[in-house]
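Colleague: Residue numbers (the numbering used here), protein chains in the order written: chain A, 1 to 341; chain B, 1001 to 1341. Yeah, the Cβ is synthetic: ideal placement off N, Cα and C, and Gly gets one too.
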């Protein structure tokens, strides 16, 4: 397959398995999705992990000398290390040499770099990290935001998250009138902490979204909501808990199912079905997180991302570009806010 | 088996399956644990669900005319309906006619009733609801508090939760030096919202607990912590999410495993092992939630509790009484706070 116009800048040096797994996922995305990949980082290390037989069409290597370690303070590191791979990749988007960026490195650094280099969308106070959770309904994921960018959120931030999330859900996830929920501890509108009560009012009054009321913890996976907004503290706790739960359940299955002779026989017979169970629970199938609210398409991967996650995140980035999410956010949000165009 | 000294007041009218399932669980607890049960509620309805062949030794029925509905505002309902089953049961504890209370009714009402009738422990600003989660390590649960009593928490409340949780973990769950974690969004001490940063300092400086640092969402089920403290908003979201996850996974297993002929054969062979999987994931096995910080042993069950959960909660209540948790909280907390005895 040839390459389309979509160009993805990839921080090849970011993540626990960089650059090998990052490059492997990117190469697969190039082949299967026809995207043009710009691999940003140390050329020698990147070349070393590109198989010799690879078709080089659609691959570009963009040199970057520096990297940002997971233990560095993100804002100062991003400022100090101008030549860090995440910064160089971000500049490609800023300078319109790429349509989107993906990084599985220090997520705080990616966020800081995006804020400094791309800036915020008009009408947005704080960008949010959005991530897609699978639900009990197959093929009906839910977008949760914020999952970590803002530990303290004012009610109006949550309202902005709701508008941005609705646009993303509609144009990338293909939901015609996304049902928006406010993560809370009860269904009634007067439930929750102060911020939640006030946010409920704002969301209810906002005619640009399809607000469906409070979503409790149990509603996250029910498939009843398409977008759920929350502050980055509770969202991050939930995300990391949810990621861990899959592993815990799989371990329980691995411990209990093969016990005894019947267990071993049954487990062997069920192997293909168990694989499907694993797939439905696997977060990697659902790809990276999106930084919504900056002036560019920016995807962030988990530090532990391997090739399948990288591929999945690049696919989502491509879909965001194909569906003009940035342009829709730029213009629609202005309209919503009544700001001059 | 005869009855021991432990007397449990049971709100027989509270919960979706009251009184039948409440009474069934209580009767089993009486038989297997030898507790004395005081069934509080409408005598006629209670009598109707006690099997005729039951041994009546150790069963007492305490009449209460009223009940509190799930949709009532808890504080005013508790104040208005003095004769509600939860109030009558609470008074049994207050007047030393029972050693502990269990209610699966309106949890807000149970909390309000406990606060009004039993009062707070000395040194405690806000009681917390604690609940025990299973972890990836079989037989090594973790106590999470608060899971819903306080939607906004000051750092010192979290410190009090940590001290109370440690005592409960040590004397009821049998952990010699419970490792206490602060639920947060990163491991570093400067991570999180303002309340979390300040709480981290307080917990680190408190020499009466074994503080092991921040616990992220992924650490909740890792078995690395014995007690995790958080505010009631995030704790409640996490609890309800966790409760739902088990059901979601079981549904995925039910959908995927029996597919195809191989699937049906394999599933049939694995039936006993799948039952063990279900048990390990089942919240009911781990019983009710504990209201820590009031001047009495008070357990709260899920509205949807059925007999096994009721039994399990009563067992925990008995263990709390047997191990003198209330006395330890009363005296030790005073010592910790340096208050006059």
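1. Give me the residue from B:1261, B:1168, B:1148 and B:1145 with the minimum Cα distance to residue 1316 (chain B).
2. Please give me, in chain order, every unbroken run of the alpha helix (DSSP H) with length at least 4 that falls completely inside the region 159-239 of chain A.
3. Quick one, which residues of the region 235-257 of chain A are near chain B if we go by CB-CB under 7 Å, in chain order?
4. For a contact meaning CB atoms closer than 7 Å, what does residue 1259 (chain B) contact in chain A?
5. Tell me whether the region 1024-1040 of chain B and the region 1302-1321 of chain B touch, counting them as touching only if at least three CB pairs, one residue from each stretch, are closer than 8 Å.
6. Looking at residue 74 (chain A): is its Cβ nearer than 7 Å to the Cβ of residue 119 (chain A)?
7. Can you name the residues of chain B whose CB is closer than 9 Å to the CB of residue 263 (chain A)?
8. Residue 237 (chain A): which of B:1184, B:1236 and B:1252 sits nearest, CA to CA?
9. Which residues in the same chain as residue 126 (chain A) place their Cβ atom closer than 6 Å to its Cβ, once the five residues preceding and following it in sequence are excluded?
10. Does the beta carbon of residue 1216 (chain B) come closer than 7 Å to any beta carbon on chain A?
11. Under 7 Å between C-beta atoms, does residue 1136 (chain B) make it to chain A?
12. Among the candidates B:1171, B:1220 and B:1253, whose CA atom is the shortest distance from the CA of residue 1327 (chain B)?
13. State yes or no: is the beta carbon of residue 1078 (chain B) nearer than 7 Å to at least one beta carbon in chain A?
14. Ignore the nearest five residues each way along the sequence and tell me which others in residue 1302 (chain B)'s own chain have a CB closer than 7 Å to its CB.
15. Is it the case that the Cβ atoms of residue 40 (chain A) and residue 77 (chain A) are separated by a distance below 7 Å?
16. Between the region 123-152 of chain A and chain B, which residues of the former have CB atoms less than 7 Å from a CB of the latter, in chain order?
17. Helix, strand or coil, according to DSSP, for residue 84 (chain A) in the structure here?
18. Do residue 1174 (chain B) and residue 1143 (chain B) have their C-beta atoms within less than 7 Å of each other?
19. Straight-line CA distance for residue 1055 (chain B) to residue 212 (chain A)?
20. In the DSSP assignment, find the beta strand (DSSP E) that holds residue 289 (chain A) and state where it starts and stops.
21. Can a CB atom of chain A be found closer than 7 Å to the CB of residue 1300 (chain B)?
22. Taking 8 Å as the cut-off, does the region 266-285 of chain A touch the region 1247-1261 of chain B (at least 3 CB pairs, one atom from each stretch)?
23. For residue 1079 (chain B), count the other beta carbons within 10 Å of its own beta carbon; 16 or more makes it buried, fewer makes it exposed. Which is it?
24. Among the candidates B:1189, B:1197, B:1140 and B:1196, whose CA atom is the shortest distance from the CA of residue 1176 (chain B)?
25. Rounded to the nearest angstrom, what separates residue 1006 (chain B) and residue 1217 (chain B) at their Cα positions?
26. Measure the beta-carbon distance from residue 1102 (chain B) to residue 1010 (chain B) and round it to whole angstroms, keeping in mind my assumption that it falls under 8 Å.
27. Cβ of residue 1178 (chain B) within 7 Å of Cβ of residue 1229 (chain B)?
28. Of the choices A:45, A:68 and A:35, whose alpha-carbon is the least far from that of residue 58 (chain A)?
29. With 7 Å set as the bound, which would you pick, yes or no: does the beta-carbon of residue 1035 (chain B) sit closer than that to a beta-carbon of chain A?
30. Closer than 9 Å by beta-carbon distance: list the chain B residues that pair up with residue 227 (chain A), in chain order.
31. Sort A:221, A:154, A:249 and A:250 by Cα distance to residue 203 (chain A) and report the nearest one.
32. If you draw a straight line from the alpha carbon of residue 1223 (chain B) to that of residue 245 (chain A), how long is it in whole angstroms?
33. For residue 1138 (chain B) and residue 330 (chain A), I'd like the C-alpha separation in whole angstroms.
34. Enumerated in chain order, which unbroken segments of the alpha helix (DSSP H) with a length of 4 residues or greater are wholly contained in the region 1246-1313 of chain B?
35. Rounded to a whole number of angstroms, what is the C-alpha to C-alpha distance between residue 92 (chain A) and residue 1194 (chain B)?
36. Could you please give me the residues that DSSP links to residue 131 (chain A) through a beta bridge?
Modeller: So, from the data block:
1. Among B:1261, B:1168, B:1148 and B:1145, the Cα nearest to that of residue 1316 (chain B) belongs to B:1168.
2. You should have 194-205.
3. Residues are counted here when their Cβ sits less than 7 Å from a Cβ of chain B; for the region 235-257 of chain A these are 236, 237, 238, 239, 240, 241, 243, 244, 245, 248, 249, 251, 252, 253, 256 and 257, given in chain order.
4. Within 7 Å Cβ-Cβ: 273.
5. Contact between the region 1024-1040 of chain B and the region 1302-1321 of chain B is present, because at least three Cβ pairs lie under 8 Å.
6. Result no, Cβ atoms of residue 74 (chain A) and residue 119 (chain A) do not sit closer than 7 Å.
7. 1269, 1270, 1272 and 1273, listed in chain order.
8. Checking every option, the nearest Cα to that of residue 237 (chain A) belongs to B:1184.
9. For residue 126 (chain A), same chain residues with a beta-carbon under 6 Å away, outside a window of 5 residues either side, are 150 and 157 in chain order.
10. Yes - at least one Cβ of chain A is within 7 Å of the one on residue 1216 (chain B).
11. By this cut-off, residue 1136 (chain B) is an interface position.
12. Per the Cα distances, B:1171.
13. Look at residue 1078 (chain B): its C-beta is not under 7 Å from any C-beta on chain A.
14. Hits under 7 Å: 1104 and 1309.
15. Not closer than 7 Å, so no.
16. Answer in chain order: 136, 148, 151 and 152.
17. In this structure, residue 84 (chain A) counts as strand in the three-state DSSP scheme.
18. No. Outside cutoff.
19. Their Cα atoms are separated by approximately 51 Å.
20. Start and end: 289-292.
21. Judged by the 7 Å Cβ criterion, residue 1300 (chain B) is not in contact with chain A.
22. The count of Cβ pairs closer than 8 Å, one atom from the region 1247-1261 of chain B and one from the region 266-285 of chain A, reaches three, so the stretches are in contact.
23. Exposed: under 16 other Cβ atoms inside 10 Å.
24. Cα-wise, what sits closest to residue 1176 (chain B) is B:1140.
25. Distance between the alpha carbons of residue 1006 (chain B) and residue 1217 (chain B) is about 37 Å.
26. With a Cβ gap of about 5 Å, residue 1102 (chain B) and residue 1010 (chain B) count as contacting.
27. Result no, Cβ atoms of residue 1178 (chain B) and residue 1229 (chain B) do not sit closer than 7 Å.
28. Considering only alpha carbons, the answer is A:35.
29. Look at residue 1035 (chain B): its C-beta is not under 7 Å from any C-beta on chain A.
30. Going along chain B, no residue has its Cβ under 9 Å from residue 227 (chain A), so there is no contact; the nearest lies around 16 Å.
31. Checked all of A:221, A:154, A:249 and A:250; the closest Cα to residue 203 (chain A) is A:154.
32. So the alpha carbons of these two residues sit roughly 13 Å apart.
33. Cα to Cα, the separation comes out at about 51 Å.
34. With a minimum length of 4 residues, the continuous alpha helix (DSSP H) runs that stay inside the region 1246-1313 of chain B are 1260-1269 and 1271-1281.
35. Rounded to the nearest whole angstrom, the C-alpha separation of residue 92 (chain A) and residue 1194 (chain B) is 36 Å.
36. Per DSSP, the beta bridge partners of residue 131 (chain A) are A:144.
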